[in-house]
Each structure stands twice: as structure tokens, then as C-alpha cells.
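In what follows, a single structure is set out as C-alpha cells and then discussed.
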Amino acid sequence: MPQPNSVPTRPCPDCKGFSVATITTGDRSADGTRETVTVCCSACQGRGFAPAWVTAPISARAGK
1 MPQPNSVPTR PCPDCKGFSV ATITTGDRSA DGTRETVTVC CSACQGRGFA
51 PAWVTAPISA RAGK
């Protein structure tokens, strides 16, 4: 049951809820493993959601 004081949330408008991207490099090291690079969404800090009051950035130019 949700907390009565909780703020409603929705998926992050920047990452659409996919907050972490993991990329494996192509080259293998001597022991056979590969280097993995992990990047988190800077808008939601890797949580995948944003408070309901946060809106998506407007990409359309005014007057066009």
C-alpha cells in the first residue's frame, strides 16, 4: 500500500524509465573478460522515475 505522503511518480521524461545503459567493450583482456561501462541518466540519477510535477523539455522552437 502506498504511503499517504508519497509524491506521485511517472517514468523519467529523458530516459523513459530506462535509466541505466551498460556497454561492453569489444576487446578482451588477458583473462578473457571485457570492460563494462555503465552510464546513468543525469535527469533522474539512475532511478528511472521522476516526480509527477516534472515535465518533459520542450523541443519545438517558438513560432515554427
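Numbered by UniProt numbering, the letters in the sequence shown go through residues 1 to 64 in order.
Beta carbons: idealized from backbone N, C-alpha and C, even for Gly.
On a Cα-Cα basis, can you pick out the residue from R34, D27, C40 that is closest to V20? C40
Rounding to the nearest angstrom, what Cα-Cα distance links P11 and V37 in this structure? Just so you know, the alpha carbons of P11 and V37 end up roughly 23 Å apart.
Please state whether DSSP places T33 in a helix, a strand or coil. coil
Tell me whether A50 is buried or exposed, calling it buried when 16 or more other Cβ atoms sit within 10 Å of its Cβ. buried
To the nearest angstrom, how far is the alpha carbon of K16 from that of C44? 10 Å
For R47, the residue or residues it bridges with in DSSP: DSSP links R47 through a beta bridge to no other residue.
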